[in-house]
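In the numbering used here, the protein residues as written are 742 to 1102.
Glycine included, C-beta positions come from ideal geometry on N, C-alpha and C.
As the structure is a prediction and not an experimental result, all values here were calculated from the model.
What follows is a single structure, written as structure tokens, with notes after it.
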Ligand SMILES: *Cc1c(COP(=O)(O)O)cnc(C)c1O
């Protein structure tokens, strides 16, 4: 009898959204719009596509395990040293590397609830105790209660800002006060997967804080605003000693050639990012206006998605939208049984989704 780790029995494999092709067939639809995974509806930079054309000639060769070219460009872009960066096969893998490096039986980790699912998932696999602290009414982290949940056995505390699935962020002063209180033996991870989309004035610039907090790690990704989700490139930024300490837990060729080449080129095209952020803001406004019109509550979002309270069974409403060709995320699996999380699409996609919703309400 195989003896799979006991803790895996309580986990389900990640449930991805239904693929577009499957929905087309099932409901006999010509067009299906996916607003479920916070992907960039405008794709990626043309420069990234061109870089991919060139790089495709090199597929027989292993990638550069150190991602030297991308690393140099990224360090320059961020204003940090190359040694302050760990690259991952998506930020998901950096979360896994952190978990493998710090968590195990007899340890615990503190996080918000609801928040991004992968912190808990990886902690459970490592056999660590998971301490979840409910979000505040406004969707922000209850940082004070999270501090109280920390003890001698705590190894990692996770702050997702902006938070997935609420889209809310931690204000600069609150985050700094929190980091000042996190004990030195605890790694504070601030996941900024939606960093590029944020427009709030009091959103903290966390990179300068790395000089003050040797136990701070920032996570970012090329999957969201950069529109390269398929290529799996994410990264952590932290003090050099911390990066060095966890590097052995990284697979030697974790980021692939296409990902490295595309991410490098995409960094050089900030005009594309600015355009996407501008259009995303207009899209967010479409949803906010709709909510005001229909008297619906929503969490103010600094991201490319919005979590709306429809005051009805989320799975039902999700199913109705699906039949009309709109794939969104039911809040049910995300800890919000009456909400939908909708990714901001193009103007036309948003109009279509909102018109369909208006008909259903
Ligand atoms: C999408 C997302 C990630 C993972 O991004 P990848 O780089 O594609 O693995 C990490 N954290 C949050 C909060 C996210 O929403």
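### Query
Apart from the five residues just before and just after residue 879, which ones in its own chain have a Cβ nearer than 7 Å to its Cβ?
909
### Query
Exposed or buried, what is residue 757 when buried is set at 16 or more other beta-carbons lying within 10 Å of its beta-carbon?
exposed
### Query
When the distance is taken between beta carbons, is residue 827 closer than 8 Å to residue 987?
yes
### Message
Going by DSSP, what residue range makes up the alpha helix (DSSP H) through residue 1056?
### Response
1055-1064
### Task
Compute the Euclidean distance between the alpha carbons of residue 926 and residue 792, then round it to the nearest angstrom.
42 Å
### Proximity below 8 Å, CB of residue 1008 to CB of residue 957
no
#### Entry: Beta-carbon proximity list for residue 1010, same chain, < 6 Å, skipping 5 on both sides
786 and 788, listed in sequence order.
### Message
Can you look up residue 1042 in the DSSP assignment and give me helix, strand or coil?
### Response
coil
### Span separating the alpha-carbon of residue 918 from that of residue 1101
45 Å
### Message
On a Cα-Cα basis, can you pick out the residue from 985, 783 and 982 that is closest to residue 1086?
### Response
783
### Message
Determine, for residue 960, whether the minimum Cβ-Cβ distance to residues of chain B falls below 8 Å.
### Response
Absent here is chain B; the protein component of the structure consists of one chain.
### Query
Can you find a heavy atom of ligand 1 that lies under 7 Å from the Cβ of residue 785?
no
### Message
At a cut-off of 7 Å, would you count residue 901 as near ligand 1, judging by its Cβ distance to the nearest heavy atom?
### Response
Residue 901 Cβ: within cutoff of ligand 1.
### Message
Are there any heavy atoms of ligand 1 lying less than 7 Å away from the beta-carbon of residue 758, as far as the coordinates show?
### Response
no
### 8 Å contact criterion, which residue 932 and residue 901 should meet: CB distance rounded
4 Å
### Query
In three-state DSSP terms, what is residue 979?
Here residue 979 sits in coil by DSSP.
### Message
Please tell me whether, using a cut-off of 7 Å, the distance from the CB of residue 1045 to the nearest non-hydrogen atom of ligand 1 is below it.
### Response
no
### Query
Do three or more CB pairs link the region 1069-1077 to the region 1030-1037 at distances below 8 Å?
no
#### Entry: Neighbour-count burial assignment, residue 825, 16 or more Cβ in a 10 Å radius
With 16 or more Cβ atoms within 10 Å of its Cβ, residue 825 is classed as buried.
### Task
Over the uninterrupted beta strand (DSSP E) stretch that includes residue 829, give me the two end residues.
826-829
### Task
Give the DSSP bridge partners of residue 960, in chain order.
932 and 977
### Query
Which one or two residues does DSSP pair with residue 852 in a beta bridge?
873
### Message
Quick check on the burial criterion: 16 or more other C-beta atoms within 10 angstroms. Buried or exposed for residue 779?
### Response
buried
### Message
Beta-carbon within less than 6 Å of residue 1065's beta-carbon, same chain only, minus the 5 sequence neighbours each way: which residues are those?
### Response
1097
### DSSP-derived helix/strand/coil call for residue 1017
helix
### Task
Mark residue 1012 as exposed unless 16 or more other C-beta atoms lie within 10 angstroms of its C-beta, in which case mark it buried.
exposed
### Task
Tell me whether the beta-carbon of residue 863 lies closer than 8 Å to the beta-carbon of residue 842.
No.
### Query
Using a Cβ-Cβ cut-off of 7 Å (strictly less than) and excluding sequence neighbours within five positions of residue 773, which residues of its own chain qualify?
761, 764, 765, 1066 and 1068
#### Entry: Best match in 989, 1044 and 971 for proximity to residue 1018 [C-alpha to C-alpha]
1044
#### Entry: beta-carbon residue 997 near ligand 1 non-hydrogen atom, thresh 7 Å
no
### Message
Less than 8 Å between the C-beta atoms of residue 869 and residue 849, yes or no?
### Response
Yes; because the gap between Cβ atoms is below 8 Å, this pair is in contact.
### Message
Which complete alpha helix (DSSP H) runs does the region 787-825 hold, if anything under 4 residues is left out?
### Response
The DSSP assignment places complete alpha helix (DSSP H) segments of no fewer than 4 residues inside the region 787-825 at 787-796 and 809-819, in order along the chain.
### Query
How would you write the range of the alpha helix (DSSP H) that residue 840 sits in, first residue to last?
832-843
### Opening and closing residue of the beta strand (DSSP E) in which residue 1081 lies
1080-1084
### Neighbourhood of residue 752 by C-beta distance below 8 Å, restricted to the same chain and skipping five residues each side
862, 865 and 866
### Message
When you compare the region 812-826 with the region 972-991, are there three or more beta-carbon pairs, one atom per stretch, that lie closer than 8 Å?
### Response
The answer is yes - the region 972-991 touches the region 812-826, with three or more Cβ pairs under 8 Å.
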